[in-house]
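Quick note on the numbering used here: the sequence shown kicks off at 523 and runs consecutively.
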Amino acid sequence: MNQLESFWNASLDEMKRGYVEDKNQYTCLLCGEHVEKGVIYPKDDVYYEAKRYIRLHIEQTHGSVFDYLLGLDKKLTGLTEHQTMLLRHFYEGKSDKEVQEDMGIGSSSTIRHHRFVLKEKERQAKTTLAIMELLKEKDQYAPAFVAPHKHATMVDDRYAVTTEEQEKILEKYFTDGLTGSLNKFPPKEKQRVVVLRAIAARLKGNVNYTEKELNEVLKGIYEDYVLIRRYLIEYGLLDRKADGSAYWVKK
Numbered sequence: 523m524n525q526l527e528s529f530w531n532a533s534l535d536e537m538k539r540g541y542v543e544d545k546n547q548y549t550c551l552l553c554g555e556h557v558e559k560g561v562i563y564p565k566d567d568v569y570y571e572a573k574r575y576i577r578l579h580i581e582q583t584h585g586s587v588f589d590y591l592l593g594l595d596k597k598l599t600g601l602t603e604h605q606t607m608l609l610r611h612f613y614e615g616k617s618d619k620e621v622q623e624d625m626g627i628g629s630s631s632t633i634r635h636h637r638f639v640l641k642e643k644e645r646q647a648k649t650t651l652a653i654m655e656l657l658k659e660k661d662q663y664a665p666a667f668v669a670p671h672k673h674a675t676m677v678d679d680r681y682a683v684t685t686e687e688q689e690k691i692l693e694k695y696f697t698d699g700l701t702g703s704l705n706k707f708p709p710k711e712k713q714r715v716v717v718l719r720a721i722a723a724r725l726k727g728n729v730n731y732t733e734k735e736l737n738e739v740l741k742g743i744y745e746d747y748v749l750i751r752r753y754l755i756e757y758g759l760l761d762r763k764a765d766g767s768a769y770w771v772k773k
C-alpha cells in the first residue's frame with residue numbers, strides 16, 4: 523500500500539495521531555516516513571524508541587497533525603477559508619472575545635454562532651461517515667475509485683478515476699511500463715491526472731531537486747520536460763521555491 527492509500531484508508535484515530543502501525547514499523551501518514559520497531563533513533567544527543575521518534579518526527583517536520591489537515595485543500599476538508607481561520611484560533615485556546623478581536627468580526631455572539639455551525643458540520647460528517655460505512659457492506663457494484671492526491675487542486679470530475687480506468691490509461695501512455703518513457707502527453711484532463719501522478723511517484727519524496735536535476739529526471743520521461751514540470755506544479759504534485767532554486771514532491 524502506498525503512502526496516499528495509507529492516508530485515505532487510515533482510521534479516524536490513526537489520522538488524528540498522524541501515523542499507522544504494523545508489526546514491523548510505524549509510518550507517518552503525512553509524508554510516508556518509516557520508523558522501524560526495535561531500533562533506537564538518535565536526535566540532538568537524545569535517544570528515542572521508535573514510537574516516540576515517529577511522534578517527534580511529526581512534531582518537528584509537520585508542526586502538528588491539526589495544522590497539516592487544516593492546510594489541505596478546501597475541496598478535501600469541506601471548510602471555507604473563514605472557517606479554517608476560526609478553527610486555528612480555537613485550536614490555540616482563544617476565547618470567543620479574543621477570536622472576535624483578532625479577526626475583527628461581529629461580536630462574541632457571532633463567534634458562538636460560528637462554533638455552532640462547525641458543530642453542525644461535525645454531526646453531518648459523522649452521519650455521512652456512518653452512512654458510507656454501511657453502504658460499503660451492501661453496494662456490491664460500487665467501483666473502486668482512486669483517491670485524489672492530498673494537495674490536488676480543483677478537485678472535480680477529472681479525479682473520478684476508477685482503478686480499472688487508471689490501469690488502462692497508464693498502459694496506453696507508458697507502453698514500456700511505468701519505468702519507461704511517456705509516449706505522448708494526454709489531451710484529456712482525467713488522463714493527465716493519472717499520468718502526472720505516475721510521474722510524481724518516480725521522483726524521490728525526501729529530496730530537494732535543483733531545476734537542472736529535476737529537468738534531467740523529467741527528460742528521461744518525456745521530451746517536453748518543461749511542460750511536465752509546469753503541470754506537476756499546477757496539479758499540486760510538486761512545489762518549488764519562488765526563485766526556482768529548489769523543487770520537491772508535495773506530501
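Glycine included, C-beta positions come from ideal geometry on N, C-alpha and C.
These numbers were taken from a predicted model, which means no experiment stands behind them.
Under the three-state reduction of DSSP, Lys559 is assigned to coil, being neither helix nor strand. Arg762 is bridged by DSSP to Tyr769. In this structure, Ser703 keeps its C-beta atom at 8 Å or more from the C-beta atom of Tyr753. Within 10 angstroms of the beta-carbon of Tyr663 lie fewer than 16 other beta-carbons, which makes it exposed. Membership of Gln622 in the alpha helix (DSSP H) is indicated by the continuous run Asp618 to Met625. Note: Phe667 is bridge-paired with Thr684 in the DSSP secondary-structure output. Annotated as proximal: Ala720 and Leu692, with beta-carbon spacing under 8 Å. DSSP places Gln582 in the helix class (H, G or I) of the three-state scheme. Excluding residues up to 5 positions away in sequence, Thr684 lie with their Cβ nearer than 6 Å to the Cβ of Pro665 in the same chain. Around the beta carbon of Tyr613, fewer than 16 other beta carbons lie within 10 angstroms, which makes this residue exposed. In the three-state reduction of the DSSP assignment, Tyr744 falls in the coil class. Of the candidates Phe638, Val639 and Glu620, Glu620 places its Cα closest to the Cα of Ser630. The segment 540-547 makes contact with the segment 567-587: 3 or more CB pairs, one atom from each, lie closer than 8 Å. Inclusion of Lys772 and Leu760 in the CB contact set at 8 Å is warranted, their separation being smaller than that value. In the same chain as Asn728, and ignoring 5 residues on each side of it, no C-beta atom comes closer than 7 Å to its own.
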